[in-house]
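Undergrad: If you scroll down you'll find the structure; I have some questions about it.
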């Protein structure tokens with residue numbers, strides 16, 4: 003928790019919450035991994051959330067909206083921590099002012115807070131979870147997703163397309179760049195295993211040969227032995243379902259060091275500057291592709307373009323890939339609150355939940371979209387990105403957009 | 237790749253990783269031998285060694301970092317040796333400092349108190365590393381993401397020594413590990429066997445009270461043990477960073493875990509035991525990655541550990557070697 007980067011954003015929070023001590027205040031909280039290497043990404047997302055609240059002046063009618071930025075990671079893990087995510091959910095339930103829970107970043111973390119918040123009837127909007135089994139039947143265990151909805155009602159929504167789309171886009175792209183023999187790896191987490199599974203299934207359908215699958219140990223010091231095994235298997239493409247936090251950077255490096263001449267495709271959990279920093283541009287340039295559920299921030303159009311420009315003006319840096327999703331998830335909640343207010347209703351947990359569920363043809367930064375019955379976005383835009391050299395080291399560059 | 241080539245390659249990787257583990261394991265085993273404390277902070281002291289190395293590399297100039305060829309062949313070796321000695325001394329002094337401030341006042345306290353203190357020190361150091369990662373230097377990504385893994389530049393030229401056509405890859409960094417770790421291990425063994433202070437160490441390990449009665453300054457012996465253990469940890473951290481080209485504030489956790497396992501496997505308190513244990517763990521990991529599956533590697537390592545402890549409760553070399561240092 004010793005992050006200098008956070009001081010500036012905390013100051014902004016103090017300034018924001020100071021104005022928020024009005025008579026009836028409601029609270030939006032976010033639960034994202036703020037400790038660990040996802041920090042740059044989540045800081046950018048929190049900035050997006052703050053922008054969404056600031057745009058309505060921090061209040062709806064006379065009701066002030068305050069915001070709290072909660073951490074669900076621990077320094078020991080350097081990644082999300084189930085114990086802390088559970089605490090956050092309990093804290094939100096206990097605090098009667100909390101009407102909306104923005105989070106989580108990791109799909110595994112969502113599994114912990116979803117049933118808790120569901121029973122309490124608090125709306126949960128995730129800016130980043132992509133594991134399909136959180137909302138769709140047939141992708142995970144038999145009791146999924148019912149197990150996350152003990153009350154029987156849907157309280158969990160997400161503004162990002164799911165991995166059943168993402169994994170398939172990655173497999174299509176693998177075929178497009180001429181891959182024939184594919185080695186599929188995952189990080190043994192909910193998200194990584196899920197997306198790698200979808201990739202594998204689609205790749206088989208496309209007639210690509212799967213020469214091996216394995217789950218890596220995210221804390222291993224290197225993967226040189228595994229790379230040798232992939233080399234022996236004759237892999238010309240490696241798919242890794244995992245994130246920067248589960249050591250994608252080291253894997254990319256060891257593929258080069260071990261002399262495996264294969265391309266690497268990774269999912270959106272690696273679509274952050276920290277991935278480039280960990281792997282080094284040299285290991286990624288011309289050989290690594292990153293899929294992402296949306297388009298790069300600077301290619302956004304309409305309201306998305308306004309977001310991008312305002313973001314750069316306010317924070318004087320480039321937003322990370324998920325900043326706009328942090329913004330959009332909060333905008334959806336605020337729009338629901340505005341509709342309640344316009345109809346003369348009171349902003350309560352139950353009303354906000356009911357109103358968010360009704361979101362239809364929402365005109366946001368990600369285009370015009372709705373929530374379906376499962377709570378998923380109808381938006382299915384995906385992009386494939388690569389990494390190129392820049393003055394500051396390396397940067398993502400969009401290769402193609404799939405709709 | 238033929239089966240033989242694959243096997244050769246895994247032996248190279250297993251030995252390289254194993255030698256680093258062995259070097260860290262020596263730090264655990266020496267301290268345990270003398271004061272019977274499992275120094276959980278050792279892995280994190282190791283982490284700081286890596287951060288110091290990257291800081292020095294960064295301070296030496298951005299030009300040389302972006303282009304490893306800008307450093308000549310000999311000067312990059314010189315830099316490597318410099319880093320090993322620098323990080324080694326730094327970690328050694330740090331270890332002595334920790335002992336003086338934290339462990340020494342607790343020397344007569346129950347073992348559990350000392351153990352909890354060691355865990356506490358470990359947490360403190362992890363957070364120092366986290367803070368250090370936010371240093372506003374180019375090599376630390378200008379400090380924007382303190383906790384992110386940092387790219388450690390390739391100090392040694394990365395081409396395959398067996399020729400670019402060869403399936404088996406042997407790089408200078410693999411070689412460097414042997415060039416640096418083997419003399420350190422030989423030196424340590426000679427030091428403990430031949431010098432006066434080394435004899436004092438062996439005596440203290442056998443019986444601290446008797447050693448003191450015989451006029452051995454046990455405080456000095458303990459400080460020396462922490463200094464040497466820390467030095468080896470620091471040297472290992474540089475080798476680890478150069479070999480993996482990545483450092484992170486958590487690198488000491490896994491390295492420490494592996495090394496501690498190696499020390500127990502070889503017989504905690506035994507120097508040759510730690511060396512053998514480290515190399516064995518490196519080899520087991522590589523072979524398990526290749527012939528079983530990576531996802532089972534941790535299970536395999538710990539199964540081997542349990543099996544060995546069932547049949548030899550004091551570890552592989554724990555019995556034969558009477559003296560603990």
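Chains as they are written, first to last, in our numbering: chain A, 3 to 405; chain B, 237 to 561. The C-beta atom is built at its ideal place from N, Cα and C for all residues, glycine as well.
#1: What does a CB cutoff of less than 7 Å around residue 469(B) pick up in its chain, not counting 5 residues either side in sequence?
#2: Is the beta carbon of residue 392(A) less than 8 Å from the beta carbon of residue 294(A)?
#3: On a Cα-Cα basis, can you pick out the residue from 390(A), 364(A), 95(A) and 339(A) that is closest to residue 379(A)?
#4: Just to confirm the assignment: which complete alpha helix (DSSP H) runs, minimum length 4, are found wholly within the segment 494–560 of chain B?
#5: Comparing the C-beta of residue 89(A) with each C-beta of chain B, is any distance below 8 Å?
#6: Quick one: list the residues of chain A neighbouring residue 296(B), beta-carbon separation under 8 Å, in chain order.
#7: Starting from residue 159(A), follow its DSSP beta bridges and name the residues at the other end.
#8: Between the segment 189–196 of chain A and the segment 210–227 of chain A, do at least 3 Cβ pairs fall closer than 8 Å?
#9: Along chain A, which residues have their Cβ under 9 Å away from the Cβ of residue 530(B)?
#10: Note down, in chain order, all residues in the segment 461–482 of chain B with a beta-carbon under 8 Å from any beta-carbon belonging to chain A.
#11: Using DSSP with H/G/I as helix, E/B as strand and the rest coil, what is residue 116(A)?
#12: Since residue 37(A) meets chain B, which of its residues come closer than 7 Å, beta carbon to beta carbon?
#13: If residue 104(A) and residue 129(A) are in contact, beta carbons under 8 Å, what's the gap, nearest whole angstrom?
#14: What would DSSP say about residue 141(A), mapped onto helix, strand or coil?
#15: Can you check which of these residues, 518(B), 434(B) and 443(B), is closest to residue 507(B) by C-alpha distance?
#16: Hey, is residue 234(A)'s beta-carbon within less than 8 Å of any beta-carbon in chain B?
#17: Buried or exposed, going by whether 16 or more other CB atoms sit within 10 Å of the CB of residue 322(A)?
#18: When you compare the CB positions of residue 229(A) and residue 260(A), do they come within less than 8 Å of one another, or not?
#19: Please confirm if residue 511(B) has its CB atom under 8 Å from at least one CB of chain A.
#20: Tell me which same chain residues have a C-beta within less than 6 Å of the C-beta of residue 557(B), skipping the five on either side of it?
#21: Should residue 299(A) go down as buried or exposed, given a rule of 16 or more other Cβ atoms within 10 Å for buried?
#22: Does the segment 395–405 of chain B touch the segment 439–457 of chain B, meaning 3 or more C-beta pairs lie closer than 8 Å?
#23: Tell me, please, whether the segment 139–156 of chain A touches the segment 273–287 of chain A by the rule of three or more beta-carbon pairs shorter than 8 Å.
#24: Let me know the secondary structure DSSP gives residue 349(B) once reduced to three states.
#25: Which chain C residues sit within Cβ distance under 9 Å of residue 77(A)?
#26: Have a look at residue 357(A) and residue 57(A) and give me their C-alpha separation to the nearest angstrom.
#27: In whole angstroms, what is the alpha-carbon distance linking residue 399(B) and residue 529(B)?
#28: Along chain A, in chain order, which residues have C-beta atoms closer than 7 Å to that of residue 237(B)?
#29: Looking only at its chain, what residues have a beta carbon closer than 7 Å to the beta carbon of residue 213(A), apart from the 5 residues adjacent to it on each side?
#30: Return yes when the Cβ of residue 100(A) is within less than 8 Å of the Cβ of residue 132(A), no when it is not.
#31: Residues of chain B with CB closer than 9 Å to the CB of residue 255(A), please, in chain order.
#32: With distances taken Cα to Cα, identify the nearest neighbour of residue 459(B) among 495(B), 532(B), 287(B) and 266(B).
#33: Could you name the residues of chain A that residue 533(B) contacts, counting a contact when the two beta carbons are closer than 7 Å?
#34: With burial defined as no fewer than 16 other Cβ atoms inside 10 Å of the residue's Cβ, what is the status of residue 450(B): buried or exposed?
#35: Give the residues of chain B in contact with residue 288(A), contact being defined as C-beta atoms less than 8 Å apart.
#36: Could you please give me the residues that DSSP links to residue 239(A) through a beta bridge?
TA: Well, looking at it:
#1: In the second chain, residue 469(B) corresponds to position 233, counting from 1. The residues are 260, 263, 278, 281, 282, 285 and 327.
#2: Here residue 392(A) is taken as the residue at index 390 of the first chain, counted from 1. Here residue 294(A) is taken as the residue at index 292 of the first chain, counted from 1. No, the pair does not count as a contact, with Cβ atoms beyond the cut-off.
#3: What you label residue 379(A) is simply residue 377 of the first chain in a count that begins at 1. Just measuring C-alpha positions, the residue of 390(A), 364(A), 95(A) and 339(A) sitting nearest residue 379(A) is 364(A).
#4: 507–527 and 533–547
#5: The residue you call residue 89(A) lines up with position 87 of the first chain. Cβ-Cβ to chain B under 8 Å: no for residue 89(A).
#6: One-based indexing of the second chain puts residue 296(B) at position 60. Within chain A, no residue comes near residue 296(B); the closest Cβ sits about 18 Å away, beyond 8 Å.
#7: Position 157 of the first chain, counted from the first residue, corresponds to residue 159(A). Partner(s): 127(A).
#8: Because the criterion of three Cβ pairs below 8 Å is met, the segment 189–196 of chain A and the segment 210–227 of chain A touch.
#9: If you number the second chain from 1, residue 530(B) lands on position 294. What residue 530(B) touches in chain A: 187, 216, 217, 218, 219, 222, 225, 227, 228 and 231.
#10: Within the segment 461–482 of chain B, the qualifying residues are 476, 479, 480, 481 and 482.
#11: Looking up residue 116(A) in the first chain gives position 114. Three-state DSSP puts residue 116(A) in a helix.
#12: Taking the first chain and counting its residues from 1, the one referred to as residue 37(A) is at position 35. Within chain B, the residues near residue 37(A) are 383.
#13: The count along the first chain starts at 1 and reaches residue 104(A) at position 102. The count along the first chain starts at 1 and reaches residue 129(A) at position 127. Right, their Cβ atoms sit about 6 Å apart.
#14: Looking up residue 141(A) in the first chain gives position 139. Reduced to three states, the DSSP call for residue 141(A) is coil.
#15: Position 271 of the second chain, counting from 1, holds the residue named residue 507(B). Comparing Cα-Cα distances from residue 507(B) to each of 518(B), 434(B) and 443(B), the minimum goes to 434(B).
#16: Position 232 of the first chain, counted from the start, is the residue given in the question as residue 234(A). Cβ-Cβ to chain B under 8 Å: yes for residue 234(A).
#17: Working through the first chain from its first residue, we reach residue 322(A) at position 320. When all chains shown are included, residue 322(A) counts as buried.
#18: Taking the first chain and counting its residues from 1, one reaches residue 229(A) at position 227. Taking the first chain and counting its residues from 1, one reaches residue 260(A) at position 258. Yes, these two residues count as a Cβ contact at 8 Å.
#19: For the purposes of this step, residue 511(B) is taken as residue 275 along the second chain, with counting starting at 1. Chain A, which has no Cβ nearer than 8 Å to the Cβ of residue 511(B), makes this no.
#20: Your numbering for residue 557(B) matches position 321 in the second chain. With a pLDDT of 45 at residue 557(B), under the threshold of 50, the modelled position of this residue cannot be trusted; read the value that follows with caution. For residue 557(B), where only same-chain residues beyond five positions count, the Cβ hits under 6 Å are 506.
#21: One-based indexing of the first chain puts residue 299(A) at position 297. Answer is buried; the Cβ neighbour count reaches 16.
#22: Under the 8 Å Cβ criterion, the segment 439–457 of chain B does not count as touching the segment 395–405 of chain B, having fewer than three qualifying pairs.
#23: The segment 139–156 of chain A vs the segment 273–287 of chain A: no contact.
#24: Taking the first residue of the second chain as 1, we reach residue 349(B) at position 113. Looking at residue 349(B) - three-state DSSP - the assignment turns out to be helix.
#25: Here the protein chains are A and B, and chain C is not one of them.
#26: For the purposes of this step, residue 357(A) is taken as residue 355 along the first chain, with counting starting at 1. For the purposes of this step, residue 57(A) is taken as residue 55 along the first chain, with counting starting at 1. Their Cα atoms are separated by approximately 20 Å.
#27: By one-based count along the second chain, residue 399(B) stands at place 163. By one-based count along the second chain, residue 529(B) stands at place 293. Looking at the two C-alpha atoms, the distance is approximately 29 Å.
#28: By 1-based counting over the second chain, the position of residue 237(B) is 1. Going along chain A in sequence order, the residues near residue 237(B) (Cβ under 7 Å) are 233 and 234.
#29: Locating residue 213(A) in the first chain gives position 211, counting from the first residue. Result list for residue 213(A): 183, 184, 185, 235, 236 and 237, in chain order.
#30: Here residue 132(A) corresponds to residue number 130 of the first chain, with the count starting at 1. Here residue 100(A) corresponds to residue number 98 of the first chain, with the count starting at 1. No.
#31: On the first chain, residue 255(A) is found 253 positions in, with the first residue counted as 1. Think of a sphere of 9 Å around the beta carbon of residue 255(A): the chain B residues whose beta carbon falls inside it are 387, 480, 481 and 482, in chain order.
#32: The residue given as residue 459(B) occupies position 223 in the second chain. The residue with the shortest Cα to Cα distance from residue 459(B) is 266(B).
#33: Counting from one through the second chain, the residue named residue 533(B) turns up at place 297. 219, listed in chain order.
#34: Locating residue 450(B) in the second chain gives position 214, where the first residue counts as 1. Its Cβ having fewer than 16 others within 10 Å, residue 450(B) is exposed.
#35: Locating residue 288(A) in the first chain gives position 286, where the first residue counts as 1. Result: empty, since nearest Cβ-Cβ is about 17 Å, beyond 8 Å.
#36: As a first step, residue 239(A) is located in the first chain; it is residue number 237 there, counting from the start. Answer is 184(A) and 265(A).
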